[in-house]
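**Student:** Here you go, one structure.
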Amino acid sequence: MGHWLDRFIARTQGGVTDNDTVDIASPFSCPAQPKDDALSTVSLSVNGVAVKTPQGVISHPEVGHTVVVDFETRNAGDCKLKPSGAWRYAADPATEILTLTYHVAGEYHLWTPALPCPPLASLAADPAITFVSHAGFEQAIWHHLMVGRYGFLPIPVARWHDTQAACAYFALPLDLERALSALNLPVTKDKEGRRLVLSLARPNRKTGEFPEITPEIRERVAAYNRADVEGTIAIETALGRLPKRERRVWGLDQTINQRGIGIDLDFVHAAKKIADQQFGEAIEEFRKLTDLNPTQVEKVRNWLCENGTELEDLRAETIEETLKIELSPEARRVLEIRSRIASTSLKKLDAILACVGSDGRARGLLQYHGATPGRWVGRLVQPQNFPRPSVTIEDPEELVAAIKTGDADALRKWGEPIEVLVSSLRHAIAAQGDALLGAGDFETIEARVVLSLASQHDKVELLESGADVYRDVAADIFRLDDKAAYLAIDKKEMTPEQSETRQIGKNTVLGCGFGLGWKGFRDKYCKDDDSLAQRIINTYRTEWAPKVPQLWYDLERTAIRAMQNPGVIVAAACGVRYRLETKAELPFLVCQVLNGKKFHYANAQLEMREGDWGKRPAVTYWAIKDHHWRKVFAWHGHLTENVVQALARELLVDAMFRFEERGFPVVLTVHDEIVVEHPAITEDLVKEIMSERPQWAVEIELPVAVEAWSGRRYRK
DNA sequence: GTACTCTGCGCC
DNA sequence: AAACGGCGCAGAGTAC
């Protein structure tokens, strides 16, 4: 092993190179259980004037430098928190604060908008004080209401700590209640309080008036409010602060979420007008034929069955196949409409309108460390799953101009109007003022990382040489008659069908890299052909990339050894290390990748499992799965995927910091893609900034390739 | 009304 | 020597 691995091990001998040190203020230390009961504290400390701590006596160095805050609010208008997000909601003039509970120096205090509050004001003014809250809501309310309406001083991001970000980092549930429960901390379930707060944001059905906030109601809300502060303190005490580098990443996340991304509202309104009209017509026609809604899956299936067409499901692919055979005209029409209507992508237009601010920017679209290995996940508009265009047009502005006419017929020269709209959805995002968007993505990054980690260098080189391995694999899967001709097509000249075939080849290479079995492959790509699926999977594992399966099994063995030896760092051949640690009295399997970045498997256990190959140990952990906190098996493919995604995320984060340092504000990230907004951004600059490699990538001989563009509008 | 499950769809 | 890729959202239907 005379290569990078030796150097790596030599460099890191003696333990974990830990970049995970705490960098802000002092650890939080105050009792999770208050001494006083809720109501006495509430009534005795309204607006910060505590009986035991008279106004003016609170001196900041003695309070642990920390204030834990939680707001209860309502909107006596039509702005809803969930679709609008915290920033639009907080900026809405009809949003009002019901109560603010804050905890400082071991005591709970209540603030309401009625009175000034000198102690709270001086806490906000003191740069040494950190404000702690669960999620970004409190920051948004502070900015728009406490500062904007009540004259408190602003609290910059650097002075906030987010317990939800800590939950995300440790791969715990993000909502307060389930995070507490996962950590075995006491959970206060105040369903009545919750109902009360919700009811205050709804007008009375008879009178149409919003409920009046009486002192009694406010007192009840305050009790509910206090429970959330208690919960936030409990999380803070259990998890502490983010490690240094992650604290920086979170700070960048907050900056991106708060700066928002530019929206072309004229475009969105016009697109929505066409979409509503087209959907309206299609649904009406569908109703005439079936007396049903196209979205009623089970009922539509029954209707089709009664009309002579039996379908196992109504997925687009199934419908596409069915349309190839002979059908009654009615059934054909029903299927055509259904497949068009089923795409809910155009709902993004509504999602954009719900969360965009009065300055035309949408905020809060990303969740820090949303996935186990640390990638962001999308929120509100879900900017990470914009449809890839099926209709491609040289100049987006021509298409945008056509959509802005609001006339569906203006789109027909490119195709069916709904399909054209779906294809153009990304263009709703646009640079503002004289700025441009610049975007770059790391080409085939996951395949490169997994092959590099596995030391399958011949295939890394193949990818680097620009060979289209995806098309190569696709040609095999679909047994294309003229493979050479397919490989020879210029990528930009490919028909949608040819691109789609290539996309399947891409998914295959990715899936195979992460342990996809032949049955899984068969069900996805070749339903009736066991032997083809077996052949392809077998070829990948034994001929194409034989070192990759070794990587899987090594990672799994290493994780199991770490589980068997609590506290001991166990390294895999690729340099990735695992250790079973205890955090908040729970076992966490910690995985540390090549640059020191850690990610976590909460409540990890070793379990003997009966499989096809006899009884063997398996790692289990707990994660949110289908909205539930439940046990999950960490099988080899899963462990490998997590490691690869963590490394890909680190490359991305490094590049995001480089953009910011060079003055190019990042406005979006989509896993392997970064979007910045600046008048001077160019394709070449994006490539230059993103192509720089960190030392670890050089050491594992991981080449990065960046595909980039710049322009006024977001596009693929 | 709210919470949950299921189907379906989109991206990486 | 060997499985189940990850993620969020919309809408329908159901239970409470």
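Position 214 of the first sequence, counted from 1, bears residue number 207 in the numbering used here, the numbering being contiguous throughout. We put the beta carbon where it would ideally sit given N, CA and C, even for glycine.
For Ala121, count neighbouring Cβ atoms within 10 angstroms of its own Cβ and tell me buried if that reaches 16, exposed if not.
**Tutor:** Sequence index remark: in the first sequence, residue 121 carries index 128 (1-based). Its Cβ having fewer than 16 others within 10 Å, Ala121 is exposed.
**Student:** Suppose the cutoff is 8 Å on Cβ atoms and the five residues either side in sequence are ignored; what does the same chain contact list for Ile256 look like?
**Tutor:** Taking the first sequence and counting its residues from 1, the one referred to as residue 256 is at position 263. Here the set comprises Ile345, Val349, Gly353, Arg354, Ala355, Ala421, Ile422, Ala423.
**Student:** Could you check which residue in Tyr361, Leu339, Ile396, Thr675 has the C-alpha nearest to that of Pro380?
**Tutor:** Position 387 of the first sequence, counted from the start, is the residue given in the question as residue 380. When each option's Cα is compared against that of Pro380, the closest is Leu339.
**Student:** If you compare alpha carbons, which of Thr94, Val140, Glu299 is closest to Thr283?
**Tutor:** Position 290 of the first sequence, counted from the start, is the residue given in the question as residue 283. Measuring from the Cα of Thr283, the nearest candidate turns out to be Glu299.
**Student:** Can you give, in chain order, each stretch of the beta strand (DSSP E) that sits fully within the stretch 379 to 450 and has at least 3 residues?
**Tutor:** 429 to 435
**Student:** Run through DSSP, which three-state label would Met487 get?
**Tutor:** One-based indexing of the first sequence puts residue 487 at position 494. Coil.
**Student:** Could you tell me whether the Cβ atoms of Leu582 and Ala555 are closer together than 8 Å?
**Tutor:** For the purposes of this step, residue 582 is taken as residue 589 along the first sequence, with counting starting at 1. For the purposes of this step, residue 555 is taken as residue 562 along the first sequence, with counting starting at 1. Closer than 8 Å, so yes.
**Student:** Rounding to the nearest angstrom, what Cα-Cα distance links Lys485 and Leu456 in this structure?
**Tutor:** As a first step, residue 485 is located in the first sequence; it is residue number 492 there, counting from the start. As a first step, residue 456 is located in the first sequence; it is residue number 463 there, counting from the start. One C-alpha to the other measures close to 18 Å.
**Student:** Short of 6 Å in beta carbon distance, which residues of its chain neighbour Glu436, apart from the five on each side in sequence? Order them along the chain.
**Tutor:** The count along the first sequence starts at 1 and reaches residue 436 at position 443. Cβ neighbours of Glu436 beyond the five flanking positions: Ala698, Glu700.
**Student:** Helix, strand or coil for Leu282 per DSSP?
**Tutor:** Position 289 of the first sequence, counted from the start, is the residue given in the question as residue 282. Looking at Leu282 - three-state DSSP - the assignment turns out to be helix.
**Student:** Do Phe130 and Ile90 have their CB atoms nearer than 8 Å?
**Tutor:** Your numbering for residue 130 matches position 137 in the first sequence. Your numbering for residue 90 matches position 97 in the first sequence. No, Cβ-Cβ distance for Phe130 and Ile90 is not below 8 Å.
**Student:** Suppose you measure from the CA of Asp523 to the CA of Gly224; what does that come to, to the nearest Å?
**Tutor:** To locate residue 523, count along the first sequence from 1; it is residue 530. To locate residue 224, count along the first sequence from 1; it is residue 231. Spanning the two alpha carbons is a distance of roughly 52 Å.
**Student:** By Cβ distance, which residues of its chain are closer than 8 Å to Glu694, with the 5 residues on each side in sequence left out?
**Tutor:** Position 701 of the first sequence, counting from 1, holds the residue named residue 694. Taken in chain order, the residues that qualify are Trp(-3), Ser445, His450, Val453.
**Student:** Along the beta strand (DSSP E) that carries Asn710, what are the first and last residues, could you check?
**Tutor:** With the chain covering only -6 through 709, there is no way to say anything about residue 710.
**Student:** Between which two residues does the alpha helix (DSSP H) harbouring Gly244 extend?
**Tutor:** Position 251 of the first sequence, counted from the first residue, corresponds to residue 244. Per DSSP, Gly244 belongs to the alpha helix (DSSP H) from 237 to 252.
**Student:** Pick helix, strand or coil for Glu536, following the three-state DSSP scheme.
**Tutor:** Numbered from 1 along the first sequence, position 543 holds the residue referred to as residue 536. Helix at Glu536.
**Student:** Is the stretch 631 to 647 in contact with the stretch 655 to 672, if contact means three or more CB pairs nearer than 8 Å?
**Tutor:** yes
**Student:** Using a threshold of 8 Å, state whether the C-beta atoms of Ile226 and Val61 are closer than that.
**Tutor:** Position 233 of the first sequence holds residue 226. Position 68 of the first sequence holds residue 61. Yes.
**Student:** According to DSSP, Pro610 sits in a beta bridge with which residue or residues?
**Tutor:** Reading the first sequence from its first residue, position 617 is the one you call residue 610. Its beta-bridge partners are Met601.
**Student:** Could you check if Glu439 is buried or exposed, using at least 16 other CB atoms within 10 Å of its CB as the buried criterion?
**Tutor:** In the first sequence, the residue the question calls residue 439 occupies position 446. Glu439 should be labelled buried.
**Student:** Within its chain, find whatever has a CB closer than 6 Å to the CB of His127; leave out the 5 residues flanking it on each side and keep chain order.
**Tutor:** Numbered from 1 along the first sequence, position 134 holds the residue referred to as residue 127. Excluding residues within five positions, the ones whose Cβ falls inside 6 Å are Thr156, Gln157, Leu169, Thr225.
**Student:** Given a threshold of 16 other Cβ atoms within 10 Å of its Cβ, counted over all protein chains shown, does Ile318 qualify as buried or as exposed?
**Tutor:** Looking up residue 318 in the first sequence gives position 325. Burial call: exposed.
**Student:** With a floor of 4 residues, list each alpha helix (DSSP H) that falls wholly inside the stretch 291 to 344, ordered by position along the chain.
**Tutor:** Positions of the alpha helix (DSSP H) runs, each at least 4 residues long and wholly inside the stretch 291 to 344, are given as 309 to 315, 322 to 335 in order along the chain.
**Student:** Name the two residues that bound the continuous alpha helix (DSSP H) containing Val462.
**Tutor:** As a position in the first sequence, residue 462 is number 469, starting the count at 1. It spans 462 to 470 - the alpha helix (DSSP H) in which Val462 sits, taken as one unbroken run.
**Student:** Please confirm whether Arg240 and Val293 have their CB atoms less than 8 Å apart.
**Tutor:** Position 247 of the first sequence, counting from 1, holds the residue named residue 240. Position 300 of the first sequence, counting from 1, holds the residue named residue 293. Not closer than 8 Å, so no.
**Student:** For Asn531, which of Ala275, Asp547, Val502, Leu548 has the nearest alpha-carbon?
**Tutor:** Position 538 of the first sequence, counting from 1, holds the residue named residue 531. When only C-alpha atoms are compared, the closest one is Val502.
**Student:** Where Ser417 and Arg171 are concerned, what is the direct C-alpha to C-alpha distance, given to the nearest angstrom?
**Tutor:** As a position in the first sequence, residue 417 is number 424, starting the count at 1. As a position in the first sequence, residue 171 is number 178, starting the count at 1. Between Ser417 and Arg171, the alpha-carbon positions lie close to 39 Å from each other.
**Student:** Hey, how far is the Cα of Ala69 from the Cα of Pro86?
**Tutor:** In the first sequence, residue 69 corresponds to position 76, counting from 1. In the first sequence, residue 86 corresponds to position 93, counting from 1. Going from the Cα of Ala69 to the Cα of Pro86 covers about 9 Å.
**Student:** Let's test the definition: count the other Cβ atoms within 10 Å of the Cβ of Gly744 and tell me whether it reaches 16, buried, or not, exposed.
**Tutor:** Because residue 744 is not part of the residues shown, which for the chain are -6 to 709, the question remains open.
**Student:** By the DSSP assignment, the alpha helix (DSSP H) with Pro112 in it spans what residues?
**Tutor:** Stepping through the first sequence from its first residue, residue 112 is reached at position 119. Looking at the DSSP string, the run of the alpha helix (DSSP H) that includes Pro112 is 111 to 118.
**Student:** Round the Cβ separation of Leu146 and Ala117 to the nearest angstrom and send it over; I've been treating them as touching at under 8 Å.
**Tutor:** To locate residue 146, count along the first sequence from 1; it is residue 153. To locate residue 117, count along the first sequence from 1; it is residue 124. Yes, Leu146 and Ala117 are in contact; Cβ-Cβ is about 5 Å, under 8 Å.
**Student:** Per DSSP, which residues does Thr156 bridge with? Please list them.
**Tutor:** To locate residue 156, count along the first sequence from 1; it is residue 163. According to DSSP, residue pairing for Thr156 in a beta bridge does not occur.
**Student:** Provide the residue(s) that pair with Thr721 in DSSP beta bridges, ordered along the chain.
**Tutor:** One cannot answer for residue 721 here, as it falls past the ends of the chain, which runs -6 to 709.
**Student:** Which of the three DSSP states is assigned to Asp352 in this structure?
**Tutor:** Translated into the one-based positions of the first sequence, residue 352 becomes position 359. Looking at Asp352 - three-state DSSP - the assignment turns out to be coil, as it is neither helix nor strand.
**Student:** Considering only the alpha carbon of each residue, which of Asn218, Leu429, Thr288 lies closest to Tyr101?
**Tutor:** Start at 1 with the first residue of the first sequence, and residue 101 comes out as number 108. Selected option, being the one with the closest Cα: Asn218.
**Student:** Helix or strand or just coil, what does DSSP make of Ala701?
**Tutor:** As a working note, residue 701 is residue 708 in the first sequence. Of the three classes helix, strand and coil, the one that applies to Ala701 here is strand, per DSSP.
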